[in-house]
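**Q**
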Amino acid sequence: MDDSYKKLKDKLLSDTIPLSDRDSNEQTIRQRLLPRRRSEPSLAVDPEPNNYQRSPYHLSYSNLYDQADDLIDTVLEVPTKCVEQAREVGKRVVQYVVDHSHLPHWLLDNEFLISGHRPPMPSFKECFASIFRLHTETVNIWTHLLGTLFFIIMAIYFTSRPSSEIHIEQKLIFAAFFLGAILCLLCSTLYHTLYCHSPEISKFFSKLDYCGIAFLIIGSIIPLLYYQFYCEFGTKVAYLTFIGILGLGCIVVSMWDKFSASRYRVYRALLFITFGVFGFIPTCHYMIQFGIEHAFTVGAIHYLLLVAALYLIGACLYAARIPERLAPGLFDIWFQSHQLFHVFVVIAACVHYYGICVLSHNQKHFFGDCRNILNPNAVPIASIIS
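Here the sequence shown is numbered in the working numbering, starting from 57 and rising by one per residue.
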């Protein structure tokens with residue numbers, strides 16, 4: 057009996073093939089071992105019945121077959137369980153999040169978000185893969201990522217329309233707005249995706265994030281100046297120079313390392329609010345020059361006021377950290393202040409785009425073609441044709 061069982065065990069080990077595919081290999085092993093064993097004579101049974109009945113240590117073929125079947129099950133289960141456990145461990149590692157108290161100092165930003173933070177991920181691949189997982193930055197990433205895609209599509213649609221519908225000069229003016237919006241939202245998306253990579257990467261993309269805000273403000277003001285002072289070239293150039301200098305100043309300050317520190321959160325909000333308020337100076341000039349009624353009926357000022365309100369509300373929520381300040385831990389994943397700020401920014405940019413479209417339409421119908429006004433010596437195109 058011992059020799060027979062040893063032969064069966066050796067045969068099992070020698071016939072077993074690599075278990076790269078559990079289902080197919082399990083079936084292969086059973087077909088190669090067990091069916092062939094059924095056709096062989098019993099290894100421990102005496103050919104004569106009398107001897108078989110008298111032996112106290114008999115081992116029937118069926119018992120031996122059951123032992124072999126159990127041994128095969130054991131061999132097959134071991135690698136399967138190892139693979140499943142490895143996958144589970146890998147899944148936990150990839151989806152690993154930590155509490156705020158376990159973050160390194162360079163990732164500490166909002167103490168009212170208690171849990172759900174990504175730990176340091178010194179891998180760009182893992183950082184980008186985290187876009188599709190749930191943590192404190194998921195909504196921040198997706199709000200501006202979708203906004204980026206939206207404005208890219210709108211920019212392609214607008215600039216690809218025939219010149220007979222939209223003049224090339226107007227395409228360039230709107231392109232400035234699209235470029236500012238896309239750069240702002242894209243830089244924000246990259247920052248919130250990669251800031252947990254390392255301190256150096258976090259600082260670099262934090263600077264780009266604030267530069268993107270300056271680009272958005274500049275890009276938003278350019279169409280307003282162009283259409284509000286539609287036939288006043290000198291005024292437009294003066295204000296564009298003024299806004300450009302302010303925007304450059306914001307970009308320079310944004311590149312300052314200490315500016316991205318958490319303790320300067322309120323100052324960051326105040327800086328860009330101030331920049332936006334300075335952008336209203338040309339609008340106030342426009343309202344004084346043309347009157348309040350004209351500003352609302354032709355100048356579409358009500359859209360601009362709505363945009364300002366949206367930006368202001370979002371910036372105040374961001375600076376005050378509301379609502380997570382009121383209930384720490386409740387808004388770790390959803391509806392935190394930074395997420396609300398992102399939503400307000402995207403909505404405000406969409407409203408601004410619609411507002412400058414209305415302003416463009418109204419001003420062109422109110423002033424007509426300003427090229428003759430800008431160049432009094434120019435010969436009208438109609439006279440040349442006639």
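Glycine included, each C-beta is placed from N, C-alpha and C at the ideal position.
Report the residue from C372, H156 and I329 whose alpha carbon sits nearest the alpha carbon of G303.
**A** Among C372, H156 and I329, the Cα nearest to that of G303 belongs to I329.
**Q** Please report the distance separating the alpha-carbon of T192 from that of L159.
**A** Taking the straight line joining both Cα atoms gives about 13 Å.
**Q** What does a CB cutoff of less than 7 Å around W390 pick up in its chain, not counting 5 residues either side in sequence?
**A** Hits under 7 Å: V195.
**Q** What is the rounded straight-line gap between the Cα of L382 and the Cα of A375?
**A** Computed Cα separation, rounded: 14 Å.
**Q** Sort L164, V154, D165 and L169 by Cα distance to L386 and report the nearest one.
**A** Checked all of L164, V154, D165 and L169; the closest Cα to L386 is L169.
**Q** Helix, strand or coil for H158, going by three-state DSSP, please let me know.
**A** It is helical.
**Q** With S262 as the anchor, note down where its alpha helix (DSSP H) starts and where it stops.
**A** Run containing S262: P255 to Q284, per the alpha helix (DSSP H) assignment.
**Q** If you check the beta carbons only, do L264 and Y251 fall under 8 Å apart?
**A** Taking 8 Å as the Cβ cut-off, L264 and Y251 do not qualify as a contacting pair.
**Q** Does DSSP put H421 in a helix, a strand or coil?
**A** It is helical.
**Q** Compare the beta carbon distance of F400 and I369 with 8 Å and say whether it is the shorter of the two.
**A** Yes.
**Q** Less than 8 Å between the C-beta atoms of A39 and G275, yes or no?
**A** Examination of residue 39 is not possible in this model, given that the chain is present from 57 through 442 alone.
**Q** On the DSSP letters alone, give me the boundaries of the alpha helix (DSSP H) that Y213 sits inside.
**A** Per DSSP, Y213 belongs to the alpha helix (DSSP H) from T194 to T215.
**Q** Would you mind stating whether H200 and H398 have Cβ atoms separated by less than 8 Å?
**A** Yes.
**Q** Excluding sequence positions up to five away, which residues of its chain have a Cβ less than 8 Å from the Cβ of W155?
**A** Checking the displayed sequence, the identity of residue 155 turns out to be Asp instead of Trp. Hits under 8 Å: I170, S171 and H173.
**Q** From L373 to C406, what does the alpha carbon distance come to, in whole angstroms?
**A** Rounded to whole angstroms, L373 to C406 spans 20 Å at the Cα level.
**Q** Can you give the Cα-Cα distance for F422 and V354, rounded to whole angstroms?
**A** Rounded to whole angstroms, F422 to V354 spans 8 Å at the Cα level.
**Q** Using 8 Å as the cut-off, can you tell me whether the segment 405-419 makes contact with the segment 355-363, which would need three or more C-beta pairs spanning the two stretches below that distance?
**A** Enough Cβ pairs lie closer than 8 Å, so yes.
**Q** Looking at the structure shown, is H191 part of a helix, part of a strand, or coil, going by DSSP?
**A** It is coil, neither helix nor strand.
**Q** How big is the Cα-Cα spacing for F214 and I344?
**A** Looking at the two C-alpha atoms, the distance is approximately 32 Å.
**Q** Less than 8 Å separating the beta-carbons of F315 and V309?
**A** In this structure, V309 lies closer than 8 Å to F315 by Cβ.
**Q** Helix, strand or coil for H394 per DSSP?
**A** H394 falls in the helix class under three-state DSSP.
**Q** So, with DSSP's three-state summary, where would you put H223?
**A** H223 falls in the coil class under three-state DSSP.
**Q** Report the option in K420, F180, Y152 and G203 whose CA atom is closest to the CA atom of R189.
**A** It is Y152.
**Q** Name the DSSP bridge partner or partners of H173?
**A** DSSP output for H173 lists V154 as bridge partner(s).
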